[in-house]
Structure formats: C-alpha cells, structure tokens
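Take a look at the structure below.
Residue numbers (the UniProt record's numbering): 1 to 636.
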C-alpha cells in the first residue's frame, strides 16, 4: 500500500454549548477574479460548476485562507488582490448559523454572541478577514459585521481590557459592588445597561487577538483536498486524508493533552527557576535578564501517521488513480463512522475535482459517499467539477453555477430552471434516449424506498425492472425508467425530464396519501389519470412509504421495538422510541433517511407480504414493467 505521511497543521477548535455551527455564506471582495463583493450560499452539500479557470477553486482556496491561515495549504499573498481594481484591500468572509448557545470570549465567564451584539441582521455570525495588499506582507485584520452599539461610551467595549472596563464603568458612575469585576462580559453588560439607548447600527467591529482566538475555537474544521499536483514526501501540500483523521483524534483528547501540558510546564518551570536561583548567586546581572518562557506545545507537529506497504512506496511515487482511491476510501469510511457516531466536532470537506483519475464507476461511489457524509450532523461537503458524468449525479439544489456576466464580472447562480439548463448545456449533460417512462414521487426518500423494493421484487419476478443504481449493489438500474422526485432531483434526471417530456413519454406518479383526509397530491393524481398517453397516478393506501416497512426490519437497524398502523407517522414513532431508549441518535431527518435506505434494504419478501398483503406495491411495479415492455402491455 502507498505511504501517506502528514504532519497536522490544523487548529484545535472546541464548541461551547453545541456542536452544530454551519457555514451559510461565503463573502469575497477584490480577491483574485472576484472584484465586486459576491455572496455565495453554502448548503450541507455544495457543488461549484463552471469552465476551467472561471473561479471554482478560488472559492475553496479562500476558505482555506479563512479557516487555516498560515497553517493552511494556501498562503495569502499580496498578489491575490484583483489586478483590475484600484482598491488594495481584500475581503474574505464567512457567515455562520446554528451558533453555540454560550461562548467564552475574553475571560473564564460565559456569555452569548447575542448579548455581545456580534450578530448580523439575520441573527448569524458574519466574520470578515481583511488584508491590506499595499503592504509587502499583508496581515489579516478580523472584523465581525454586526448590529452593534455605536454610542461612543459602548462601541469599543470589546477592545478594552479588564482594568480599562472597570475604569470606564467608574468614570460613568456605575456601581460595581454587585458585579463580578473579574468578568469582562459582566462589566460590559453593566456599562451597556447604564446608558439607555445604544444606537444599534450595522457596522464592522474589529476583534482583538484574544477574542478572535476564542471565536475561532467554535468554528468548524476545514479540510481542503486539491486536485493532484507534483509534490514531495513530507510536503505540506501532499493531499493526505490521514491528516484530518489525526486532527479529529487530537480534538477528542484535548482535555487530557492540556493536563499533560500543565504537568510538563510546572516541572520545566521549576527546573528553570531553580537554575535562575543558582545563577543569581554567581552572576546577578545576568540572572536579571532571564525569565522562564514556556511556549505552548504544537500537538499537530508531534503526531504523524503513515500507511506503509511492503515495498515502502511513497504516495508521490504511486499513480494518481491510486491516490484518489485512497481518498475515496477515506470519505466512505468517514461516512460510515459518522453514521454510527453522534456528536463530534464540525467539519467541512472541500474537494477539488473529485473525479480526477477516477473510473466512472468509482465516481458514482465517491459521490454517494460524499452525499452520505453531507447528511450527517456537523458535516458539510463542497466540491468543484466541470465533468458532465459527475455533474449529472449531483442533486440540482446543490449546484452553484459560476460564469462571467456581460460586464466581465464573476457571478454565482443557483436555484432555477434557467440555471440548470445552462449547466446542462455548458457541460454537455445530454438526455438518455433509452428512457421510456418517468416514475414521479414526492421526494428523494421515496426514490430510495422504491429503488430498494424494486430489487427485492426482482428476485421474485425478473420481469420487474430494477430502479436506479445503489452503491455496493451489483444490480444495475434499468435505463428505460427514471425515478424523478418532484421535490428535487439530480441533474441527469432533471435533464431527462426537461427534454424528453416534450416527446410524450408517459409517467407513473406515486403520491403519499398522508393522513387520508384531503391528500396533498389528490388533484395532481386526478389530472395525471386523465392523460391520454397511458400515464397513471397512485395514492398510497397507507400514509406514506415508511408505513410499508416491517417493525422487525426497523428493530434490526435502530434496536427499538415499534408498532404502528397504516395511518401513523412512523418517523415520529421511531423518534419517540429512540428518546425513550436514551439513544443519542434521534434527529428526525436522519431517521427518515435511514428508514428509506438502510431499513428498506433489510426488507425481505416475507416481511413485505406481511406489511402489504394485498400486493399494492407489486401492482405499481407490474404496471411499470408493462409500460416499458416492447411487447403489448398487459393488465395488472
């Protein structure tokens, strides 16, 4: 196996009162090709699409600069300022949501970002790093864009030390007898409460190093994996996922490492002080010049992890395909681990051109692993690509299209049919002419359910078509059928639906009946059944797809016994059962995802017959089979 050799260069970050800080928006101004300020929305899974050199990797590298600073793969340079701009200040900003309930800023006492007026108009944490590129070596200045007090007495409170805050309070005649004067946050609170109107306005609040270091601890870890490039063993740019593995392991034992540090510090300073005492007797003048100075340990430089094969072949001597397979395996392993574990620190994986040197089959496995990662708590995934085969696998709501407008400015667009069409046309994502039928369902979870159940029924009746491709399953989906979620789809399916619908391709619609009273899609189903092209619509006899799952399959996956009727909310029942069992994992979205994927894969023919004795689901699939058959259709 190849050798992977990395020293860790990431900061240790710890959350106070929660582990779910999420990156919401990236802000760039005057950074490389992005001259005007641009704000880019980031979701749990985000894919930047566009031509070469349009600015996809620029966003990823800006994030590496923001999160990792001088310890990152990318180092900020004065030449990063836009060459066509007279302005020489560069802004790289991030907006965060799902903020910690409590945080320690500059003393041991806890406060909140809201109490310190550090949130923007949306209640989010918006941080800008500003670099002055008139300097030979630009240094970052950190600001928070917030609705902040602007009155002279209070606008600079975050910049004041403890003694300065006490002086400010006394000058204003504030009684501090009931205030914990060791707490900077308590002093600031007392001062703000004393003056009445604060004149709150949107402003940039510069943060001193102490407060910025405290806020930085709650930010998610950012791991950038760049496209392959020439590199040497030990080079900081070697793309090694083991770096991230060690980084997260260090975070999990930070308290113990702090204990070790204090023991070493105490013993070392004791030796130093005794040495100085002896030196005082021999040379008092020299002794006065010396003081013990204990430097904080860099744990990231202590630990290294190598994967070494029999022949000790280093990673840069192996093929790019082998290096990318290691990366693929890492993401699959992380997806599995994060499915099994709850909690942990937040992390953002940024992968540049994940399709590089990968066989198309591996591309799908990688995309499935990344999508699975993005569904886990405290995990976000950002990728770039310009390859149609990979772009076609991505959910359309994840796509961000980067191009140049008529004025030569970069723009990042998302979220409408016009943008999806431009992406498809620009990348050459073409419709599959083999498609004979669209199966339309409400959402992606319904797609997963039908894909698993189709494989189960296919084992009983090989005339039943297999729907879709499932990673790790050898049965390939029938290309004549596209299962299309009306609540969002992947790009290739969207292209098929957009272009092939014009050719009169029939559709089968399967909608949840919900609670049975005035189903949401009743009118839509009635409309489809009036079409004259053979299209057909069903309303499920049970509440939704999860009601067709067997309690034994649910127990096999979740470890809880549940009973439910055809009208019950299965997700809610499982959720409540997990809470009663004291399970850590009880997020409803994750439960629904697991029910329609993992639990559905545990269904057997016997279990399906128990839950669906009338063969309702089999009826759907027999109709689907007849509609794609080259022979004359048979009645179900």
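Glycine included, each C-beta is placed from N, C-alpha and C at the ideal position.
Own chain partners of residue i with C-beta closer than 6 Å, once the 5 adjacent residues on each side are dropped
i, result
"residue 232", "Low per-residue confidence applies at residue 232: pLDDT is 39, beneath 50, and the placement is therefore not dependable enough to give any value."
"residue 155", "149"
"residue 236", "Caution is warranted here: a pLDDT of 40 is assigned to residue 236, below 50, making its placement in the model unreliable, and no coordinate value can be reported."
"residue 452", "600 and 601"
"residue 544", "512"
"residue 611", "548 and 550"
"residue 11", "Low confidence applies here, because residue 11 scores a pLDDT of 34, under 50, leaving its location unreliable; read the following figure in that light. The answer is none, since no qualifying residue turns up."
"residue 579", "586"
"residue 409", "36"
"residue 195", "153"
"residue 507", "438, 440 and 535"
"residue 519", "513 and 539"
Same chain, Cβ closer than 7 Å to residue i, five either side skipped, listed in chain order
i, result
"residue 150", "199, 201 and 203"
"residue 647", "The structure shown does not extend to residue 647, since the chain spans only 1 to 636, so no value can be given for it."
"residue 573", "562 and 564"
"residue 403", "50, 54 and 411"
"residue 432", "479 and 496"
"residue 618", "457"
"residue 558", "574 and 578"
When the options are compared against residue i, the one with the closest alpha-carbon
i, options, result
"residue 36", "65, 72, 88 and 420", "88"
"residue 551", "615, 545 and 563", "563"
"residue 484", "514, 451, 447 and 477", "447"
"residue 529", "543, 511 and 517", "511"
"residue 390", "427, 433 and 583", "427"
"residue 527", "509, 49, 476 and 80", "509"
"residue 257", "269, 466 and 298", "298"
"residue 197", "152, 531 and 215", "152"
"residue 173", "131, 193 and 162", "193"
"residue 407", "620, 34 and 283", "34"
"residue 533", "440, 420, 627 and 590", "627"
"residue 262", "295, 482, 282 and 620", "295"
"residue 393", "369, 605, 220 and 409", "369"
"residue 24", "219, 361, 396 and 520", "219"
"residue 466", "620, 178 and 179", "620"
"residue 132", "140, 125 and 558", "140"
"residue 353", "168, 386 and 135", "386"
"residue 270", "249, 282, 292 and 285", "292"
Short Cβ contact (8 Å threshold) for residue i with residue j
i, j, result
"residue 84", "residue 32", "no"
"residue 63", "residue 384", "no"
"residue 522", "residue 549", "no"
"residue 553", "residue 594", "no"
"residue 373", "residue 365", "no"
"residue 459", "residue 43", "no"
"residue 587", "residue 377", "yes"
"residue 21", "residue 67", "no"
"residue 400", "residue 47", "yes"
"residue 598", "residue 581", "no"
"residue 457", "residue 464", "yes"
"residue 107", "residue 184", "yes"
"residue 350", "residue 224", "yes"
"residue 114", "residue 105", "no"
"residue 486", "residue 556", "no"
"residue 445", "residue 592", "yes"
Same chain only: Cβ atoms within 8 Å of residue i, ignoring 5 sequence neighbours per side
i, result
"residue 128", "27, 91, 92, 93, 142, 143, 144, 145 and 204"
"residue 137", "78"
"residue 416", "none"
"residue 265", "294"
"residue 434", "479 and 480"
"residue 176", "166, 169, 170, 187 and 190"
Residues sharing a beta bridge with residue i, DSSP
i, result
"residue 411", "403"
"residue 97", "22"
"residue 70", "BP columns for residue 70 are empty, so no partner."
"residue 485", "441"
"residue 149", "200"
"residue 132", "89"
Interface flag, residue i vs chain B, CB-CB below 8 Å
i, result
"residue 539", "Considering every chain present, this structure includes no chain B. It has just one protein chain."
Check: residue i C-beta below 7 Å from any heavy atom of the ligand GDP
i, result
"residue 369", "You won't find the ligand GDP in this model; it holds no ligand whatsoever."
ask   = Can we say the stretch 100 to 112 touches the stretch 38 to 47, given the rule of at least three CB pairs closer than 8 Å?
value = no
Cβ pair count under 8 Å reaching 3, the stretch 116 to 133 against the stretch 45 to 55 = no
ask   = Between the stretch 185 to 194 and the stretch 203 to 220, do at least 3 Cβ pairs fall closer than 8 Å?
value = no
inquiry  = Using a Cβ distance threshold of 8 Å, determine whether the stretch 531 to 538 contacts the stretch 471 to 481, with at least three qualifying pairs required.
reply    = no
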